[in-house]
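Colleague: Sequential numbering from 198 applies to the sequence shown in this note's numbering.
All residues carry an ideal CB built from backbone N, CA and C; glycine is no exception.
Sending over a structure as structure tokens; questions will come in a sec.
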Amino acid sequence: MPSTGTPPDWAEVDIAVPRRSVRLPGISMAGFRRRVPGAADIAMVAHPSVSLLVDLTEGAGLVYETHDRRERGTVVIGLFPGELRVAGSGPAIECLQIRLSPPVAAKVLGASTGFSGTVVSLEDVWGRDAERVEGRLRAAVTWDERFTIAWGILGRRLDSRPPVDPEVAYAWRRMHTSRGRIRVDGLADEVGWSRKRLWSRFGAQLGTTPKRAARLVRFDHAAHLLAAGRAPADVAADSGYVDQSHLHREVKAITGAAPAAVAAAPWLAIDDVAWPDRLPGTCARPER
198 MPSTGTPPDW AEVDIAVPRR SVRLPGISMA GFRRRVPGAA DIAMVAHPSV SLLVDLTEGA
258 GLVYETHDRR ERGTVVIGLF PGELRVAGSG PAIECLQIRL SPPVAAKVLG ASTGFSGTVV
318 SLEDVWGRDA ERVEGRLRAA VTWDERFTIA WGILGRRLDS RPPVDPEVAY AWRRMHTSRG
378 RIRVDGLADE VGWSRKRLWS RFGAQLGTTP KRAARLVRFD HAAHLLAAGR APADVAADSG
438 YVDQSHLHRE VKAITGAAPA AVAAAPWLAI DDVAWPDRLP GTCARPER
């Protein structure tokens, strides 16, 4: 996923994060504002979350491109989006990015199966509510105000919609806390379901299979190790790949790029600033 445009200089980007006291489980967000006028073109790296990008840029706004789709404005980015670029220009490029764990995304976005491998307009998901949400966020003066508005909207949706099965939510947490290094066949035993039932319910509610979900979580861990400067052979061993060739194939399959290109991806360079809590701390057993 090598960048062919002008990647942002992160020294020229203001990054805002909400206070810990107002966060909700399974949801994290960050605000980005590039102060320097001009164009930017950057490759986004797949992440084990469903992302909601609220475009707050004045003028033409942001454009998102995959191999077969082009969207503009505020979008929902699903799991496994493939090669994805985001571009924009203007006096100041500004957006709010919200990461939703798949169980939370199934509630907040009101769709259980449609977000794996897709980039869709938020209007296609929320209808007129999308325009109202974007308008309220644009009218806010500070990032704290925007975060408060976003938390309120997401919290109301969480309260008003049924959750995914606790067994499905538990399976996802186990994958995440283990960094994808878990025998997915054993998850069915842990939750007291048959393998067939877990695969069916997981796919129906989260839009992907347990195996693919664990694969994406493992890739995310490896990608951040690569970005931190670790040697590919060491990353492969630490992340549970058979060898360096296995890591190379997985990175290429998920991003379209070699590990060296992913290691240099600007998108990963700001994760520790914008997303200080990438992994949940606990994993409770589901009630049955």
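(1) Taking 8 Å as the threshold (C-beta atoms), are D468 and P245 in contact?
(2) From R216, I274, R232 and L355, pick the residue whose C-alpha is nearest to that of K304; which is it?
(3) The beta strand (DSSP E) with I290 in it runs from where to where?
(4) Excluding the 5 residues preceding and the 5 following A430 in the sequence, name in chain order all residues of the same chain whose CB lies nearer than 6 Å to its CB.
(5) Would you decide whether H421 is buried or exposed? Buried here means 16 or more other CB atoms lie within 10 Å of its CB.
(6) By how many angstroms is the C-alpha of A347 removed from the C-alpha of A336?
(7) If you reduce the DSSP assignment to three classes, tell me which class E209 lands in.
(8) Between which residues of its own chain and Y261 is the CB-CB distance below 6 Å, once the five residues before and five after are set aside?
(9) What separation, rounded to the nearest whole angstrom, lies between the Cα atoms of A237 and I212?
(10) Cα separation between I295 and P363?
(11) Please state the DSSP three-state secondary structure of I274.
(12) Please list the terminal residues of the continuous beta strand (DSSP E) segment that includes G287.
(13) My understanding is that L249 touches L319, with C-beta atoms under 8 Å, so please give their C-beta distance in whole angstroms.
(14) With 16 as the cutoff for other CB atoms within 10 Å, does R371 come out buried or exposed?
(15) Alpha carbons only, please: which of L395, W323 and V242 is nearest the one belonging to Y367?
(16) Quick check on S436: buried or exposed, where buried means 16 or more other Cβ atoms within 10 Å of its Cβ?
(17) Do V214 and A471 come within 8 Å of each other at the CB atom, strictly closer than that value?
(18) Leaving out the 5 sequence neighbours to the left and right, which residues in its chain are closer than 6 Å to G228 when beta-carbon positions are compared?
(19) What is the DSSP secondary structure of I239, counted as helix, strand or coil?
(20) Mind checking V432: buried by the 16 CB within 10 Å criterion, or exposed?
(21) Can the beta-carbon of E280 be found less than 8 Å from the beta-carbon of G404?
Modeller: According to the data block:
(1) no
(2) When only C-alpha atoms are compared, the closest one is L355.
(3) Element bounds for I290: I290 to L297.
(4) Q441
(5) buried
(6) In a straight line, the C-alpha of A336 is about 13 Å away from that of A347.
(7) helix
(8) E268, V272, V283 and V316
(9) 16 Å
(10) 23 Å
(11) Here I274 carries a strand assignment [DSSP, helix/strand/coil].
(12) The continuous beta strand (DSSP E) containing G287 extends over residues L281 to G287.
(13) 7 Å
(14) buried
(15) L395
(16) buried
(17) At a Cβ-Cβ threshold of 8 Å, A471 and V214 count as neighbours.
(18) A213, L293 and W340
(19) Residue state for I239 is assigned as strand, using DSSP reduced to three classes.
(20) buried
(21) No. Outside cutoff.
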